[in-house]
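Below is one structure, written out as structure tokens, with a few remarks after it.
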Amino acid sequence: MTFQIRLGNWEMQREAAQEVRTEVFIIEQNIPIALEWDEMDAVSVHAIAYDAAGQIIGTGRLLPDGHIGRMAVKQALRGRGVGSAILGALMQAARLRGDDGVVLNAQIQAEAFYARFGFVREGQEFPDAGIAHIQMRCLLDKTT
Numbered sequence: 000m001t002f003q004i005r006l007g008n009w010e011m012q013r014e015a016a017q018e019v020r021t022e023v024f025i026i027e028q029n030i031p032i033a034l035e036w037d038e039m040d041a042v043s044v045h046a047i048a049y050d051a052a053g054q055i056i057g058t059g060r061l062l063p064d065g066h067i068g069r070m071a072v073k074q075a076l077r078g079r080g081v082g083s084a085i086l087g088a089l090m091q092a093a094r095l096r097g098d099d100g101v102v103l104n105a106q107i108q109a110e111a112f113y114a115r116f117g118f119v120r121e122g123q124e125f126p127d128a129g130i131a132h133i134q135m136r137c138l139l140d141k142t143t
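Okay, structure coming up:
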């Protein structure tokens, strides 16, 4: 599958990010709308994945403090490397701005996905929007 990742601010990426996050989090996972949108969107770096036809297929964000979040890929396109590419782009953006590491709160079913990128579990499971999560951290290699 051919796709590309574009990074930008919320002003540039809002419409695309909202499309994916609404479909995945609000509709598919039944997360309340009030929990999905927050003030961190305006200050984050957003990654949007587009397929070869220019259709929006995934998103994620990098907060100023090094948290990666709101990782989502449309259901029909999961397992094709889109999430990996989004995560890689956000980790590289953190590396380029000088972050020593990144942290995220992974849904439990996605823990193995993040572990493949060097993320390590920290602490105990906790609920977020009614879904079990675990905090994970990854130190960034400054040479790549």
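Sequence positions in the sequence shown follow numbering that gives the first Met the number 0 and run 0 to 143.
Ideal Cβ positions, reconstructed from N, Cα and C, are used throughout, including at glycine.
(request) Look at the Cβ atom of leucine 34, then the Cβ atom of alanine 128, and state whether they are nearer than 9 Å. (result) yes
(request) Give a yes or no on whether the C-beta atoms belonging to phenylalanine 2 and isoleucine 67 are separated by under 9 Å. (result) no
(request) Report the option in Asp50, Met90, Asp37 whose CA atom is closest to the CA atom of lysine 73. (result) Asp50
(request) Within its chain, find whatever has a CB closer than 7 Å to the CB of isoleucine 24; leave out the 5 residues flanking it on each side and keep chain order. (result) Strictly speaking, residue 24 in this sequence is phenylalanine, with isoleucine absent from that position. Hits under 7 Å: Ile30, Glu35, Ala71.
(request) Have a look at Ile32, Glu27, Ile26, Ala46 and flag the residue whose alpha-carbon is nearest the alpha-carbon of arginine 13. (result) Ala46
(message) If I follow the unbroken beta strand (DSSP E) through arginine 13, where does it start and stop?
(response) Looking at the DSSP string, arginine 13 is not in any beta strand (DSSP E); the run it does join, the alpha helix (DSSP H), is 9 to 20.
(message) Considering only DSSP beta bridges, list what methionine 135 is partnered with.
(response) Leu103, Arg120
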